[in-house]
Structure formats: structure tokens, C-alpha cells
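Trainee: Residue numbering for the sequence shown is 22 to 344, as defined by our numbering.
By construction, the Cβ of each residue, glycine as well, lies at the ideal position given by its N, Cα and C atoms.
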Amino acid sequence: MDIESTAGTSSVGIFQALLGLIRTMRPKQWTKSGFIFVPLIFDRQLFLWEPFLRTFAGFWLLSLTASAVYIINDLVDIERDRAHPRKRNRPLPSGQLPVPVAVSAAAILPIVSLGLSWLLSPSLTLVLATYLALHILYSFVLKNVVIVDVLTISAGFVLRVAAGATLIEVQRFSPWMYVFTVMLALFLAVAKRRQEMVMLADEAHNHRSTYNEYNMALLDQMMNVVTTGTLVVYSLYTFEAAGVPQNHTMMLTIPFVLYGVFRYLYLMHVKGEGGAPDEVLLQDRPLQLDLMLWGLTVILILYVLPEDGNIAAFVQTLLHHGT
22 MDIESTAGTS SVGIFQALLG LIRTMRPKQW TKSGFIFVPL IFDRQLFLWE PFLRTFAGFW
82 LLSLTASAVY IINDLVDIER DRAHPRKRNR PLPSGQLPVP VAVSAAAILP IVSLGLSWLL
142 SPSLTLVLAT YLALHILYSF VLKNVVIVDV LTISAGFVLR VAAGATLIEV QRFSPWMYVF
202 TVMLALFLAV AKRRQEMVML ADEAHNHRST YNEYNMALLD QMMNVVTTGT LVVYSLYTFE
262 AAGVPQNHTM MLTIPFVLYG VFRYLYLMHV KGEGGAPDEV LLQDRPLQLD LMLWGLTVIL
322 ILYVLPEDGN IAAFVQTLLH HGT
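1. Measure from the alpha carbon of Leu172 to the alpha carbon of each residue in His156, Val253, Leu321, then state which is nearest.
2. Along the chain, where does the alpha helix (DSSP H) that runs through Thr248 open and close?
3. Note down, in chain order, each residue of its chain lying with its Cβ closer than 6 Å to the Cβ of Asn236, except the 5 sequence neighbours on either side.
4. Is it true that the CB of Val219 sits closer than 7 Å to the CB of Thr202?
5. Thinking just about the alpha-carbon of each residue, which of Glu190, Thr248, Glu234 is nearest to the one in Gln66?
6. For the alpha helix (DSSP H) that Ser160 lies in, which residues bound it at each end?
7. Distance, Cα to Cα, Met46 vs Leu288?
8. Relative to the C-alpha of Ala38, which residue among Thr76, Ala104, Val122 is closest?
9. What does the Cβ neighbour count give for Val246, buried or exposed, with the cut at 16 atoms within 10 Å?
10. Output the boundary residues of the alpha helix (DSSP H) element that contains Gln216.
11. Since Gly264 contacts Ser195 with CB under 8 Å, what's their CB separation in whole angstroms?
12. Measuring alpha carbon to alpha carbon, tell me which residue in Gln309, Thr251, Leu302, Leu130 is nearest Ile92.
13. Give me the Cα-Cα distance between Leu348 and Thr270, rounded to the nearest whole angstrom.
14. Counting C-beta neighbours from all protein chains within 10 Å, is the total for His342 16 or more, i.e. buried, or is it exposed?
15. Between which two residues does the alpha helix (DSSP H) holding Phe375 run?
16. Determine, using beta carbons only, whether Lys49 and Asp305 come nearer to each other than 7 Å.
17. Let's see if you can read the secondary structure: which residues bound the alpha helix (DSSP H) around Thr318?
18. My understanding is that Leu145 touches Leu188, with C-beta atoms under 8 Å, so please give their C-beta distance in whole angstroms.
19. Can you tell me whether Ala297 is helix, strand or coil according to DSSP?
20. In whole angstroms, what is the alpha-carbon distance linking Ser26 and Gly116?
21. So what's Ile168 in DSSP terms, helix, strand or just coil?
22. Buried or exposed, going by whether 16 or more other CB atoms sit within 10 Å of the CB of Val325?
23. Is it right to say Phe283 is buried, meaning 16 or more other beta carbons lie within 10 angstroms of its own, or is it exposed?
24. At which residues does the alpha helix (DSSP H) containing Ser115 begin and terminate?
25. Output needed for Leu209: all residues of its chain with C-beta closer than 6 Å, excluding positions within five of it in sequence on either side, in chain order.
26. Can the beta-carbon of Arg181 be found less than 7 Å from the beta-carbon of Phe56?
27. What three-state label does DSSP hand Ala104 in the structure shown?
28. From Asp311 to Gly34, what does the alpha carbon distance come to, in whole angstroms?
29. I need the DSSP call for Leu180, collapsed to helix, strand or coil.
30. Return the chain-ordered list of same chain residues with a C-beta closer than 6 Å to the C-beta of Glu234, the five sequence neighbours on each side being excluded.
31. Grab the span of the alpha helix (DSSP H) containing Val265 for me, first residue to last.
32. Helix, strand or coil: how does DSSP classify Gln37 here?
33. Considering only the alpha carbon of each residue, which of Ala154, Val90, Lys213, Leu147 lies closest to Ala186?
34. So, at 7 Å on beta carbons, what are the nonlocal neighbours of Arg109 in its own chain, with the 5 sequence-adjacent residues on each side left out?
What follows is the structure in C-alpha cells.
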């Protein structure tokens, strides 16, 4: 009876550790890896099977690499997270995930992802290795350097886009999208810093050393700069970038970006949200609807509508074929 009880307890412990490992891998944050599809979509190769499958495979490899980074970050911050009102419930600081298991996973996941990425593209392997090295450096050093911390986060998003570019033969993808990615990532990173400082209040400096350097006035000024930059850069992309339709129909997508940015600011300033961008995206229905409509409009413009600007003739052609 005692043996059976011990075996049952051991099984429960293994199951709990496995669940803890999965939680620490942050599958919800794999939405960030979706940036790898940006070159595929905006280079107009979304409906080509080979580029799509290569990018889809790259998405999972990037997500595994990112999960290794999350595990390493939690290992480095385990003591600080135990004093955090929300992060204390994470598997590592709460004790659900044993440290040796986390260390093993942090070593194995990069080996698997980098090894498999070589089969897809050596260039992808280089990008993933750079992403991994940058974020390890961030976990140990850069996240404690004011301003550099948010710039490093932004660089991570750019590397996600660069990973996608290695998996296709780039023909129309514009460098403007890299600049937009930088601004959007800075917008989200600064917003997260701001909301964490609001939530932690006087205890903020105990959780991250850079919070001794930031204050609300600085963060609000940074938000103003990156908000304006995000909107201006995207607007310029829609009519200045090479590869977009020459009839300027991409400008029709600007209102969706405007709404998305303003909605996020509303959630941050009025609702007190915005501390975790992935959670906001997964929970806020208006933001999800806006993102879906933006995506559908982009696909319609890039893949369906004519580039000569004669949309009326295009509609008449569709009606003619329909009859």
C-alpha cells in the first residue's frame, strides 16, 4: 500500500512538473513568433505552399527558442519573482517546476531548435542563434541597463521578422516593415514598463533595478515618441515603400493601425491593463476584431485588388464572371 501510494505521489509530482515546464515555456507568448510571417505576407507569398510550409516550420522552431529564453529568464529572476505579487505564482518561484528540470529544458530546447533550423536554412540558424544570444545577454545584463532594456526587446522582434525573411526568396518585402516593427515593439515594451511601475508602486525598485532609473514622466514621454513614430512610419510605408500597390490602396489600412494603438492606450490609461501585451491581445475582443480586419484588408489589397487603381472595372469583371 505504501509503495503504491509513493508511486502515485511520484506520478503526480512528474505530471505537475510537466505542467509547470509547459507554463514556463509560455505558449501564450508564442503569438510574438507570429512576426515571422510578416515577410511571407507582405512579399505576397502567403498562398504559395513551399514558402508557407517553410515559414510555418520556422514559427515552431522560433517558438521553441523563445521558450528556452523564457526558462532562462525565470531561472535568473527566481528570487525576485518570489517577491512579485503576480510572478510569485509562476512554476519556478512557486516550486511547481524543479530547478534541475528547468535547467535541462533550457539546454535541450536550443539544441533541438537550432539543429532542426539548419535543415531549413543555415541563415535561419544564424538568426535564431543571434536571438538566443541576445536574450541570454538580456537576462543576465541588458535588462538592468536603462533604455537599453527596451531597445533589446525591440531588437528581438526585428530578429523574428528577419527569421521569416530567411525562409523565402524576398522580392517585394520592404525595409520599412523592419522600422515599423522597431517602433511597435518599443511601444509595447515601454507600455509594459509603465504599467509594471504603476502596479508595483513603491516596491518597483525591488523587482527590477532599472526601475530606479525610470519614472512616470520619462516613460510617458517615451510613450509619446514611440506612439507617434509607430503611426508615422506605418503611414509612410503604405505609400512610400517599394512593393506596395502603386494606387495607394494600402493607405486604407491606416485607420485600423490608428484604432489598435488608441485602443491599447485606452486599455492602459483607463482600464489599467497593458502590463503583458500577449494577455491583452488574447483577452480584448475589440483589439482582436481590429487586428482581424486589418489582416483581411491587407490580404485583400495585396492579393486580390488590381494595382492599376481601376477597382470599378475589377468589380464589374467579378460580376460578369459570376453571371
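Mentor: Answer, in terms of the structure:
1. Residue numbering aside, residue 172 sits at position 151 when the sequence shown is read from its first letter. Of His156, Val253, Leu321, the residue nearest in Cα terms is His156.
2. Translated into positions along the sequence shown, residue 248 becomes position 227. Segment 237 to 261, the alpha helix (DSSP H) holding Thr248.
3. Within the sequence shown, residue 236 is the residue found at index 215, counting from 1. Short of 6 Å from the beta carbon of Asn236, and not among the five residues preceding or following it, lies no beta carbon of its own chain.
4. As a first step, residue 202 must be located in the sequence shown, where it is residue number 181. As a first step, residue 219 must be located in the sequence shown, where it is residue number 198. No, Cβ-Cβ distance for Thr202 and Val219 is not below 7 Å.
5. Counted from its first residue, the sequence shown places residue 66 at position 45. Residue Glu190 is the option with its Cα nearest to Gln66.
6. As a working mapping, residue 160 is identified with position 139 in the sequence shown. In the DSSP annotation of this structure, the continuous segment of the alpha helix (DSSP H) that includes Ser160 starts and ends at 143 to 161.
7. The sequence position of residue 46 within the sequence shown is 25, counting from 1. The sequence position of residue 288 within the sequence shown is 267, counting from 1. Those two C-alpha atoms are separated by around 26 Å.
8. Here residue 38 corresponds to residue number 17 of the sequence shown, with the count starting at 1. Comparing Cα-Cα distances from Ala38 to each of Thr76, Ala104, Val122, the minimum goes to Val122.
9. Position 225 of the sequence shown holds residue 246. Exposed.
10. Sequence index remark: in the sequence shown, residue 216 carries index 195 (1-based). If you look at Gln216, you'll find it in the alpha helix (DSSP H) that goes 197 to 221.
11. Along the sequence shown, one-based indexing puts residue 264 at 243. Along the sequence shown, one-based indexing puts residue 195 at 174. Yes, they are in contact, since the Cβ atoms of Gly264 and Ser195 sit about 5 Å apart, within 8 Å.
12. One-based indexing of the sequence shown puts residue 92 at position 71. Comparing Cα positions, the closest option is Leu130.
13. Because the chain is modelled from 22 through 344, residue 348 falls outside the range shown and cannot be assessed.
14. Residue 342 sits at position 321 when you count from the first residue of the sequence shown. Note that His342 has pLDDT 48, beneath the 50 cutoff, so the model's placement of it is unreliable and no number is given.
15. Coverage of the chain is limited to positions 22 through 344, which leaves residue 375 absent and any answer about it impossible.
16. Position 28 of the sequence shown holds residue 49. Position 284 of the sequence shown holds residue 305. For the 7 Å CB-CB criterion, Lys49 and Asp305 do not form a contact.
17. Against the sequence shown, residue 318 aligns to sequence position 297. In the DSSP assignment, Thr318 falls within the alpha helix (DSSP H) that extends over 306 to 320.
18. Against the sequence shown, residue 145 aligns to sequence position 124. Against the sequence shown, residue 188 aligns to sequence position 167. The C-beta distance from Leu145 to Leu188 rounds to 6 Å, short enough to fall under 8 Å.
19. On the sequence shown, residue 297 is found 276 positions in, with the first residue counted as 1. Coil, per DSSP.
20. The sequence position of residue 26 within the sequence shown is 5, counting from 1. The sequence position of residue 116 within the sequence shown is 95, counting from 1. Confidence in Ser26 is poor, its pLDDT being 39 and thus under 50, which makes the residue's placement unreliable; the coordinate value appears in the next sentence. Spanning the two alpha carbons is a distance of roughly 22 Å.
21. Locating residue 168 in the sequence shown gives position 147, counting from the first residue. The DSSP-derived three-state label of Ile168 is coil.
22. Working through the sequence shown from its first residue, we reach residue 325 at position 304. Exposed, because fewer than 16 other Cβ atoms sit within 10 Å of the Cβ of Val325.
23. If you number the sequence shown from 1, residue 283 lands on position 262. Under this definition Phe283 is an exposed residue.
24. The sequence position of residue 115 within the sequence shown is 94, counting from 1. Counting along the chain, the unbroken alpha helix (DSSP H) around Ser115 starts and ends at 112 to 115.
25. Locating residue 209 in the sequence shown gives position 188, counting from the first residue. Its chain contains Pro298 as the residues whose beta carbon lies nearer than 6 Å to that of Leu209, once the 5 sequence neighbours on both sides are disregarded; these appear in chain order.
26. Here residue 181 corresponds to residue number 160 of the sequence shown, with the count starting at 1. Here residue 56 corresponds to residue number 35 of the sequence shown, with the count starting at 1. Using a Cβ distance threshold of 7 Å, Arg181 and Phe56 count as a contacting pair.
27. As a working note, residue 104 is residue 83 in the sequence shown. In the three-state scheme derived from DSSP, where H, G and I count as helix and E and B as strand, Ala104 is classed as coil.
28. Reading the sequence shown from its first residue, position 290 is the one you call residue 311. Reading the sequence shown from its first residue, position 13 is the one you call residue 34. Within the model, the alpha-carbon separation for Asp311 versus Gly34 is close to 42 Å.
29. What you label residue 180 is simply residue 159 of the sequence shown in a count that begins at 1. DSSP places Leu180 in the helix class (H, G or I) of the three-state scheme.
30. In the sequence shown, residue 234 corresponds to position 213, counting from 1. Correct list, in chain order: Val167.
31. Within the sequence shown, the letter at position 244 stands for residue 265. Premise fails: Val265 is in no alpha helix (DSSP H) and is neither H nor E.
32. Looking up residue 37 in the sequence shown gives position 16. Three-state result, Gln37: helix.
33. Looking up residue 186 in the sequence shown gives position 165. Ranking the options by Cα distance to Ala186, first place goes to Leu147.
34. Position 88 of the sequence shown holds residue 109. Only Asp102, Arg103, Ser115 meet the Cβ criterion.
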